[in-house]
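K.L.:
Got a structure for you, written out below as structure tokens; questions coming shortly.
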Amino acid sequence: MPLTPKEIIKMLKQNGFIAVSQNGSHVKLRNPETGKQVIVPYHSQAMKKGLEQAILKQAGLK
Numbered sequence: 001m002p003l004t005p006k007e008i009i010k011m012l013k014q015n016g017f018i019a020v021s022q023n024g025s026h027v028k029l030r031n032p033e034t035g036k037q038v039i040v041p042y043h044s045q046a047m048k049k050g051l052e053q054a055i056l057k058q059a060g061l062k
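Numbering-wise (full-length UniProt numbering), the sequence shown opens with residue 1 and increments by one.
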């Protein structure tokens, strides 16, 4: 089942990411330890599976 943006952001924060900024409906998160940066679209609907996997891959969680 696809995750919602809120669940993805919660997962990223549990793995050391910090919300740096928000521009419109996109939240930028950065991990100070690894230097990795991820941008998550913040909408009310669940994300498509491909986008969800791409975000987790960029974050180094998959």
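We put the beta carbon where it would ideally sit given N, CA and C, even for glycine.
Quick one: which unbroken beta strand (DSSP E) runs of 3-plus residues sit fully inside the stretch 6-53? Chain order, please.
P.N.:
For the stretch 6-53, whole beta strand (DSSP E) runs of length 3 or above, ordered along the chain, are 18-23, 26-30 and 37-41.
K.L.:
Going straight from the alpha carbon of Tyr-42 to that of Arg-30, what length do you get?
P.N.:
As a first step, residue 42 must be located in the sequence shown, where it is residue number 42. As a first step, residue 30 must be located in the sequence shown, where it is residue number 30. Between Tyr-42 and Arg-30, the C-alpha separation is close to 16 Å.
K.L.:
Just mark Ala-59 as buried or exposed, buried being the case when its beta carbon has 16 or more other beta carbons within 10 Å.
P.N.:
As a first step, residue 59 is located in the sequence shown; it is residue number 59 there, counting from the start. Buried is the call here.
K.L.:
Kindly indicate which residue of Lys-57, Val-27 and Glu-33 has the alpha-carbon position closest to the one of Lys-6.
P.N.:
Here residue 6 is taken as the residue at index 6 of the sequence shown, counted from 1. Taking only the C-alpha atoms, the option nearest Lys-6 is Val-27.
K.L.:
Between Gln-14 and Leu-61, what straight-line distance do the alpha-carbon atoms span, to the nearest angstrom?
P.N.:
Taking the sequence shown and counting its residues from 1, the one referred to as residue 14 is at position 14. Taking the sequence shown and counting its residues from 1, the one referred to as residue 61 is at position 61. Distance between the alpha carbons of Gln-14 and Leu-61 is about 11 Å.
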